[in-house]
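Trainee: Here the working numbering is used: the first residue of the sequence shown is 1359, the next is one more, and so on. Questions regarding the structure given below will be posed in turn.
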Amino acid sequence: MNKVVGGIFTSHVPGIGGAIAKGLQQDPYWKPFFDGFLPIHDWLAREKPDVAVVFYNDHGLNFFLDKMPTFAIGAASEYRHEDEGWGIAFNKPYPGIPELSWHIIETVVANEFDPVTCQAMLVDHAVAVPYELCWPDAPEFTTKLVPIAINTVQHPLPSPKRCLELGRTVGHALASWQGPEKIVVMGTGGLSHQLEGKRAGFLNKEFDHFCMDNIGPNPEALLKYDSLDIVELAGSQGVEILNWLAARGAMQGKVVELEANYHVPISNTAAATMLFENREKVAA
Ligand code: DHB
Ligand code: FE
């Protein structure tokens, strides 16, 4: 049986958190983005995943530039959000599932990845905003979190190939997990955006569409670029697409696109949301 029932891919712009706090979901500026989550709410209500394995990048909250792991995996029984300067106050804790975290860690280390293991870990807007978007009415979050942080911030960055491979190895771990849990994978961040420097405000719709067209059926298409190419093409923060590549790698079934929403821009970002089902492969 497929334990990974699907994948949710979304931008994690912190301003979304501000819009949620102010109840601006129907505001003309925000509505086209928030509406992209309505089919995801229906899908989540139907599938009821017990666990979310979230590939994201930390933006200086849990890891600052003085200590920046390339890959880090949370293995805590609970995670908390803290505001790293955007003014968003999300207080609901995220329950962890340390046994599954350790199973993932054991599997990736056995396959020659060397992640930092975090038995205590704060999560920033790159986890908190997607959780709020997916489960807006939850009095408390019940979907257990396995956070997997990828360095998309301080160069040198891991390659797209390495991130896809990490995701695939996590996918093997999830396939061999003996627990009864249904799992959703998430990739957060992107698409094109650059927050600083001469190119601040840079967007690239053409490259974004290339990523959205290929991430489901042909993620290898993205591997013709290295991480610096992606910085060039998508902006210095657009390289957060590495999180999407890893999450895509963790889906090992027949990946079927159910929804896609692209809305440009919110804040400085070309915002994209995608939902994929990970169907059972039928033997030929
Ligand atoms: C924005 C986007 C991000 O991915 C982020 O981490 C912070 C800010 C933005 O567009 O405002
Ligand atoms: Fe970001």
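Glycine residues also receive a C-beta, built at the ideal position from the N, C-alpha and C atoms.
For Met1609 and Val1362, which I take to be in contact (beta-carbon distance under 8 Å), what is that distance rounded to the nearest angstrom?
Mentor: With a Cβ gap of about 6 Å, Met1609 and Val1362 count as contacting.
Trainee: Does the pairing of the segment 1507 to 1523 with the segment 1378 to 1391 give three or more beta-carbon distances under 8 Å?
Mentor: Contact between the segment 1507 to 1523 and the segment 1378 to 1391 is absent, because fewer than three Cβ pairs lie under 8 Å.
Trainee: Could you check the C-alpha separation between Pro1397 and Phe1367 for me, to the nearest Å?
Mentor: About 13 Å.
Trainee: Per DSSP, which one or two residues make a beta bridge with Leu1633?
Mentor: DSSP lists Ile1366 and Glu1617 as partners of Leu1633.
Trainee: Touch check for the segment 1529 to 1542 and the segment 1550 to 1568: three-plus C-beta pairs under 8 Å?
Mentor: No, because fewer than three Cβ pairs between the segment 1529 to 1542 and the segment 1550 to 1568 fall closer than 8 Å, the two stretches do not touch.
Trainee: How far does the alpha helix (DSSP H) with Glu1440 in it extend, from its first residue to its last?
Mentor: Careful: Glu1440 lies outside any alpha helix (DSSP H) and carries neither H nor E.
Trainee: Around the C-beta of Glu1638, are 16 or more other C-beta atoms found within 10 angstroms, so that it is buried, or is it exposed?
Mentor: Under this definition Glu1638 is an exposed residue.
Trainee: Under a Cβ-count criterion, where at least 16 other Cβ atoms within 10 Å of its own Cβ denotes burial, should Pro1497 be classed as buried or exposed?
Mentor: Classification of Pro1497: exposed, given that the 10 Å Cβ count is below 16.
Trainee: For Val1474, report the span of its beta strand (DSSP E) as first-last.
Mentor: Val1474 -> beta strand (DSSP E) spans Val1474 to Cys1476.
Trainee: Pro1451: which of Met1426, Ile1431 and Met1479 sits nearest, CA to CA?
Mentor: Residue Met1479 is the option with its Cα nearest to Pro1451.
Trainee: Please indicate yes or no: does the CB of Gly1547 lie closer than 6 Å to some heavy atom of the ligand FE?
Mentor: Yes.
Trainee: Shortest alpha-carbon distance to Thr1501 belongs to which of Thr1428, His1530 and Ile1455?
Mentor: For the residues Thr1428, His1530 and Ile1455, the minimum Cα distance to Thr1501 belongs to Ile1455.
Trainee: Which runs of the alpha helix (DSSP H) spanning at least 4 residues fall entirely within the segment 1363 to 1432, listed in chain order?
Mentor: You should have 1372 to 1379, 1389 to 1392 and 1396 to 1405.
Trainee: Suppose the cutoff is 7 Å on Cβ atoms and the five residues either side in sequence are ignored; what does the same chain contact list for Glu1440 look like?
Mentor: Same-chain partners within the cutoff: Leu1419 and Leu1480.
Trainee: Between Tyr1414 and Val1485, is the Cβ-Cβ spacing less than 7 Å?
Mentor: It is a contact, given that the beta carbons lie within the stated cut-off.
Trainee: Would you identify the three-state DSSP class for Leu1458, choosing helix, strand or coil?
Mentor: The answer is helix: DSSP assigns Leu1458 an H, G or I state.
Trainee: Verify the contact flag: Val1371, CB atom, against every heavy atom of the ligand DHB, threshold strictly below 6 Å.
Mentor: Because some heavy atom of the ligand DHB lies under 6 Å away, the Cβ of Val1371 counts as near it: yes.
Trainee: Which value, in whole angstroms, describes the spacing of the CA atoms of Ile1374 and Phe1471?
Mentor: Using only the alpha carbons, I get a separation of about 33 Å.
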